[in-house]
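This report refers to the structure that appears directly beneath it.
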Amino acid sequence: MTSAPPSLLHAEPLKAALAQLDGVILGKPGQIRLAVACLLARGHLLIEDQPGVGKTTLAGALARTFGLDFRRVQFTADLLPADLTGVSVWDAPNSTFRFHQGPVFSEVLLADEINRATPRTQGALLEAMEERQVSEGGVTRPLPDPFFVIATQNPAAFVGTSPLPEAQLDRFLMTVTLGYPDPRAERTLLETGGRSLSVRGLGAVLDAPTLLQMQREVDGIHAAPPLLDYLQLLARATREHPALSVGLSPRALLALLSAARAWAYLAGRPMALPEDVQAVFPALAAHRLTLRGPGVSVPDLLARILADTPIP
Numbered sequence: 010m011t012s013a014p015p016s017l018l019h020a021e022p023l024k025a026a027l028a029q030l031d032g033v034i035l036g037k038p039g040q041i042r043l044a045v046a047c048l049l050a051r052g053h054l055l056i057e058d059q060p061g062v063g064k065t066t067l068a069g070a071l072a073r074t075f076g077l078d079f080r081r082v083q084f085t086a087d088l089l090p091a092d093l094t095g096v097s098v099w100d101a102p103n104s105t106f107r108f109h110q111g112p113v114f115s116e117v118l119l120a121d122e123i124n125r126a127t128p129r130t131q132g133a134l135l136e137a138m139e140e141r142q143v144s145e146g147g148v149t150r151p152l153p154d155p156f157f158v159i160a161t162q163n164p165a166a167f168v169g170t171s172p173l174p175e176a177q178l179d180r181f182l183m184t185v186t187l188g189y190p191d192p193r194a195e196r197t198l199l200e201t202g203g204r205s206l207s208v209r210g211l212g213a214v215l216d217a218p219t220l221l222q223m224q225r226e227v228d229g230i231h232a233a234p235p236l237l238d239y240l241q242l243l244a245r246a247t248r249e250h251p252a253l254s255v256g257l258s259p260r261a262l263l264a265l266l267s268a269a270r271a272w273a274y275l276a277g278r279p280m281a282l283p284e285d286v287q288a289v290f291p292a293l294a295a296h297r298l299t300l301r302g303p304g305v306s307v308p309d310l311l312a313r314i315l316a317d318t319p320i321p
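In my numbering, the protein residues as written are 10 to 321.
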């Protein structure tokens, strides 16, 4: 008996999950699919936007739809690393230290307004994201699997923000911006009072074991040698572009391949195509590239690189 292609084993539940998310975050199907692709690729997501456009709603809806444990931490200037990762407390009756887990020990963590915390606290989270474990008191404790961080970041012009260094931004697989809803979606929000489909009322379409299986299936999406050639051409274009001082690293190139495989999986195909790379390239590259000077729009620059880079 021939097994189904890896991208088709959970096609219907995944389709239902996307439909449910579309009913909560109105008018943002592209951003929703990027967020789901990020989850499927075992990455972490950074949402850069102003308050009130649905960042927290997206995080909660993703967690409930995929049947995952969800916690939210409001990042502030006085938030300490131990408030996030946990702390050992002396247990006098048993004459031992007992570790109390912090909110980072959850399957989906919303780090709200991450750039309002101090660099030390930011670093504690980003280390956990990279290593997927927490070391405290000489003991290393693994984080849950799956483990997905959604961090929101206010615009740099907002008061009291500490921008993330470039090396820490690289820990996020993708960056998306929700932006304002289109007029039709905004009118629906007004007519329903934002209660068209409450996050609290969402049911689980999938569960953690199924998600882990889907992530393994994403790893099995085929990437032909010409596609790898295309990835290298894109990376070279960013490294040699006169407007960029830093291009895509080899680690970023591996991340681009993982994201393209996840996008192909969402499309129900057993192999990744150039169009999958093009779909995820702006969200993956925007926060990893450093401009030489002002006056250049990163989205326009990335669009030009995609247009000018030939497909093998």
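For glycine and all other residues, C-beta sits at the position ideal for the given N, C-alpha and C. None of these values were measured; they are calculated from a predicted model.
Could you check the C-alpha separation between residue i and residue j for me, to the nearest Å?
| i | j | result |
| --- | --- | --- |
| residue 321 | residue 117 | 38 Å |
| residue 314 | residue 241 | 13 Å |
| residue 299 | residue 149 | 35 Å |
| residue 89 | residue 120 | 13 Å |
| residue 205 | residue 35 | The predicted position of residue 205 is uncertain, since its pLDDT is 49 and thus under 50; a value taken from the coordinates is nonetheless stated next. Their Cα atoms are separated by approximately 10 Å. |
| residue 30 | residue 56 | 16 Å |
| residue 236 | residue 283 | 6 Å |
| residue 104 | residue 110 | 19 Å |
| residue 213 | residue 115 | 17 Å |
| residue 58 | residue 107 | 39 Å |
| residue 247 | residue 319 | 14 Å |
| residue 42 | residue 223 | 15 Å |
| residue 268 | residue 100 | 45 Å |
| residue 317 | residue 201 | 45 Å |
| residue 188 | residue 113 | 27 Å |
| residue 52 | residue 192 | 32 Å |
Tell me where the beta strand (DSSP E) around residue i begins and ends.
| i | result |
| --- | --- |
| residue 108 | 105-110 |
| residue 151 | 148-151 |
| residue 41 | No beta strand (DSSP E) contains residue 41, which is instead part of the alpha helix (DSSP H) from 38-49. |
| residue 113 | Looking at the DSSP string, residue 113 is not in any beta strand (DSSP E), and its letter there is neither H nor E. |
For a quick check, are the C-beta atoms of residue i and residue j less than 8 Å apart?
| i | j | result |
| --- | --- | --- |
| residue 194 | residue 230 | no |
| residue 244 | residue 257 | yes |
| residue 66 | residue 26 | no |
| residue 123 | residue 162 | yes |
| residue 276 | residue 183 | no |
| residue 253 | residue 209 | no |
| residue 77 | residue 44 | no |
| residue 272 | residue 289 | yes |
I'd like the span of the alpha helix (DSSP H) that includes residue i, first residue to last.
| i | result |
| --- | --- |
| residue 207 | Looking at the DSSP string, residue 207 is not in any alpha helix (DSSP H), and its letter there is neither H nor E. |
| residue 223 | 217-228 |
| residue 131 | 128-140 |
| residue 314 | 307-317 |
| residue 267 | 259-275 |
| residue 22 | 20-33 |
| residue 283 | 283-294 |
| residue 72 | 64-74 |
| residue 321 | Per DSSP, residue 321 belongs to no alpha helix (DSSP H) and is neither H nor E. |
| residue 193 | 192-201 |
Just grab the DSSP bridge partners of residue i for me.
| i | result |
| --- | --- |
| residue 173 | In the DSSP output, where bridge partners are listed per residue, residue 173 has none listed. |
| residue 120 | 82 and 160 |
| residue 56 | 161 and 185 |
| residue 144 | 149 |
| residue 253 | 300 |
| residue 96 | 109 |
Using a beta-carbon distance below 8 Å, is residue i in contact with chain D?
| i | result |
| --- | --- |
| residue 95 | Absent here is chain D; the protein component of the structure consists of one chain. |
Inset, instruction - Answer yes if the region 33-48 comes into contact with the region 133-149, meaning at least three C-beta pairs across the two stretches below 8 Å, and no otherwise. - result: no
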